[in-house]
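Chains as they are written, first to last, in the working numbering: chain A, 1 to 323; chain B, 1001 to 1249.
Note that CB positions come from ideal geometry on N, CA and C, so glycine has one too.
Please read these numbers as outputs of a predicted model, since none were measured by experiment.
Pasting the structure below:
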């Protein structure tokens, strides 16, 4: 347990160190890469709560990521054009307003999708979550008011009081702080009564029910929290690119978030950071060399799943496979 | 006669043409061990599943502590104090022994949605859990992963989890299955003590254990109860000897 906590902190520290060294040596591009890792890791932390701790293999978490992105872009573009939203409410460029809105909308979507899909399990659950995400994807594609398949851009990154969000390092600091906060929340949740119940429903739903705990509400709450964290990540990702497109809701994105979790180590706190970092590193190093870099990711994923089910963090901790 | 804790009235359940439960009426009285025996396929497990709410009967009623519980689901019946152990041990394998019992304590309290405080630092969970482990004979094994327990210890863990539910009745489905001679004897003592906490409906194949423990025995054959009575009555019953005990002798 203690070694795992040290590893969690070390992985997070490494990411911050990478960003600082990049900044010190004047490589702003690398700071942006670190920011991207932090944001994608945040989405992974969200999914990990459902997939890793709850055993809910959702293949539709891009929906929540994309919703966070669209909420951000829509609010920002309305603010930029001084067009009120529905009910006369104005748009906004304040992250402190955008984040909660993005999380609430993603949470509501999580509540609806979770309530309708958690009655199924196994392959059916995977397919139902995928279907919901694809529905939202096609909705985004076919909604011309917000860019349709071209996506929606906004020209100035949203603002945070007292911080120049357009500079790479402050924006990294915002993303890394939110990642740290999400890790803290995640650590709290998984150790709490709720976390105990959630992990029990994953391992043995029959036993859990026989002790008087219904799995459904426990899973639904985990699914909603997980969706909210992904929504926040999607909001930051839209701000990073100052752009959101339907692709952020597609099944590719769901798959990528899942890859971060599996590469890094399912059900391990800092696993998604390690997973996202390796994924982005491969993309940056191999992407320019060959268009087929994803093939290598595939091979790596296969090796991890076959020989190191604990993922990268599991390999480091050298935990033996059990059961 | 004392009011029964658990009362089944004319339960019926068919799977297609197979009558798995065919008009079973049965009571579990305070302080007794009531053994349910019968050959394989007699419908014992199906009956247990109807009592805990896993299967809905086609007709008939289940009353628990004077209250109809037919509309309640598995979790709600468990919270009322209907504690069950499974034919094949069901524990949470990656949890420690202590965490397993904490889960059951939590289920009994019904306070699941607490998100901040670490469960392991919650004396409201850990203290009762430790007590139940001690009562089940597992003191000193708190930190061991459940997956690493021996078969016999896993049985005891299930009993500790059942105790954590503050049970008003135990439903034990073949607790002796797979136990060695010594283990079975230990468990027999444990079950005998358990009777003081709440009555036990005991499904069991080990006839030594049944004859040693049971106050009353019911014999189920092809979904029907063919006899209910004391150990002596059941031993002497010609129909039981023919259809069940005779096969083994």
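Quick one: residues in its chain with C-beta nearer than 8 Å to the C-beta of residue 1136 of chain B, no 5 flanking neighbours on either side, listed in chain order? The beta carbon of residue 1136 of chain B sits closer than 8 Å to the beta carbons of 1156, 1157, 1159, 1160, 1163, 1190 from its chain, once the five residues preceding and following it are set aside; these are given in chain order.
What residue from A:246, A:46, A:3, A:13 has the CA that sits closest to residue 186 of chain A's CA? It is A:46.
Taking the beta strand (DSSP E) that residue 1169 of chain B falls in, what are its first and last residues? For residue 1169 of chain B, the enclosing beta strand (DSSP E) starts and ends at 1169-1173.
Can the beta-carbon of residue 54 of chain A be found less than 9 Å from the beta-carbon of residue 226 of chain A? Yes, the Cβ-Cβ distance between residue 54 of chain A and residue 226 of chain A is below 9 Å.
Just how far apart, CA to CA, sit residue 1179 of chain B and residue 1152 of chain B? CA-to-CA, the gap between residue 1179 of chain B and residue 1152 of chain B works out to about 6 Å.
Alpha-carbon spacing of residue 1009 of chain B relative to residue 1232 of chain B, whole angstroms: Using only the alpha carbons, I get a separation of about 25 Å.
Just the C-alpha distance for residue 1166 of chain B and residue 267 of chain A, rounded to the nearest angstrom, thanks. Whole-angstrom Cα-Cα distance: 32 Å.
Distance cut-off 8 Å: residue 108 of chain A Cβ against heavy atoms of the ligand ADP: This structure lacks the ligand ADP; in fact it carries no ligand of any kind.
Chain-ordered neighbours of residue 314 of chain A on chain B, where CB pairs are closer than 9 Å: Those within 9 Å of residue 314 of chain A in chain B number zero; the least Cβ separation is about 14 Å.
C-alpha distance - residue 1143 of chain B paired with residue 179 of chain A, whole-angstrom precision: If you draw a straight line from the Cα of residue 1143 of chain B to the Cα of residue 179 of chain A, it comes to about 32 Å.
Count the other CB atoms within 10 Å of the CB of residue 299 of chain A; is the residue buried (16 or more) or exposed (fewer)? Around the beta carbon of residue 299 of chain A, a 10 Å sphere encloses fewer than 16 other beta carbons of the protein chains shown; the residue is thus reported as exposed.
Pull up the DSSP beta-bridge partners for residue 142 of chain A, would you. According to DSSP, which records beta bridges pairwise, residue 142 of chain A is partnered with nothing at all.
Sufficient close CB pairs (3 or more, under 8 Å) joining the stretch 1202-1220 of chain B to the stretch 1002-1017 of chain B: The stretch 1202-1220 of chain B vs the stretch 1002-1017 of chain B: no contact.
Flag residue 1122 of chain B as yes if its beta-carbon sits less than 9 Å from any beta-carbon of chain A, otherwise no. Residue 1122 of chain B counts as touching chain A.
Would you list, in chain order, the members of the stretch 1017-1034 of chain B that have their beta-carbon closer than 9 Å to a beta-carbon of chain A? Here the close residues number zero.
Can you find the residues in the same chain that come closer than 6 Å, C-beta to C-beta, to residue 101 of chain A, ignoring five residues on each side of it along the sequence? Hits under 6 Å: 71.
Segments of 4+ residues assigned as alpha helix (DSSP H) that fall wholly inside the stretch 1206-1233 of chain B: Here the runs fully enclosed are 1207-1213.
Say whether chain B places a C-beta atom closer than 9 Å to the C-beta of residue 192 of chain A. Yes - at least one Cβ of chain B is within 9 Å of the one on residue 192 of chain A.
What residue does the beta strand (DSSP E) around residue 1117 of chain B start on, and which one ends it? From DSSP, residue 1117 of chain B is part of no beta strand (DSSP E); its letter is neither H nor E.
Please identify the residue among B:1012, B:1007, B:1029 whose C-alpha is closest to the C-alpha of residue 1197 of chain B. For residue 1197 of chain B, the nearest C-alpha among the options comes from B:1029.
Assign residue 325 of chain A to one of two classes, buried (16 or more other C-beta atoms within 10 Å of its C-beta) or exposed (fewer than that). A query on residue 325 of chain A cannot be resolved here, the shown segment of chain A reaching from 1 to 323 and no further.
Strand pairing of residue 1034 of chain B, partner residues [DSSP]: Residue 1034 of chain B pairs with B:1201, B:1216.
Specify the secondary structure class of residue 320 of chain A as computed by DSSP and reduced to three states. Low per-residue confidence applies at residue 320 of chain A: pLDDT is 47, beneath 50, and the placement is therefore not dependable, though the value from the model is reported in the following sentence. Residue 320 of chain A: coil per DSSP, three-state reduction.
May I ask you to verify whether the stretch 235-253 of chain A touches the stretch 53-69 of chain A, counting CB pairs closer than 8 Å and requiring at least 3? A contact exists between the stretch 235-253 of chain A and the stretch 53-69 of chain A.
Would you tell me roughly how many angstroms separate the C-alpha atoms of residue 1254 of chain B and residue 1084 of chain B, rounded to the nearest one? Here chain B comprises residues numbered 1001 to 1249, so residue 1254 of chain B is not present and cannot be evaluated.
For residue 14 of chain A and residue 1123 of chain B, what's the separation of their Cα atoms in angstroms? Between the alpha carbons of residue 14 of chain A and residue 1123 of chain B lies a distance of about 37 Å.
When DSSP labels each residue in this structure, what does residue 20 of chain A get in the three-state scheme? Looking at residue 20 of chain A - three-state DSSP - the assignment turns out to be helix.
Residue 1168 of chain B: which of B:1070, B:1109, B:1078 sits nearest, CA to CA? Per the Cα distances, B:1078.
Might you give, ordered along the chain, the residues of its own chain that have their beta carbon closer than 7 Å to the beta carbon of residue 73 of chain A, omitting 5 neighbours on each side? The beta carbon of residue 73 of chain A sits closer than 7 Å to the beta carbons of 152, 154, 238, 244 from its chain, once the five residues preceding and following it are set aside; these are given in chain order.
For residue 214 of chain A, decide whether its Cβ has a neighbour in chain B, counting only Cβ atoms nearer than 9 Å. Yes - at least one Cβ of chain B is within 9 Å of the one on residue 214 of chain A.
I'd like the span of the alpha helix (DSSP H) that includes residue 106 of chain A, first residue to last. Per DSSP, the continuous alpha helix (DSSP H) segment holding residue 106 of chain A begins and ends at 95-117.
According to DSSP, what are the bridge partners of residue 208 of chain A? Residue pairing by DSSP places residue 208 of chain A opposite no residue, since no beta bridge is assigned to it.
Round the Cβ separation of residue 92 of chain A and residue 109 of chain A to the nearest angstrom and send it over; I've been treating them as touching at under 8 Å. Rounded, the Cβ-Cβ distance is 20 Å, inconsistent with contact.
Residue 4 of chain A - DSSP class collapsed to helix/strand/coil: In the three-state reduction of the DSSP assignment, residue 4 of chain A falls in the helix class.
Secondary structure at residue 1063 of chain B, three-state DSSP: helix, strand or coil? In this structure, residue 1063 of chain B counts as strand in the three-state DSSP scheme.
State the DSSP-derived secondary structure class of residue 12 of chain A, mapped to helix, strand or coil. Of the three classes helix, strand and coil, the one that applies to residue 12 of chain A here is helix, per DSSP.
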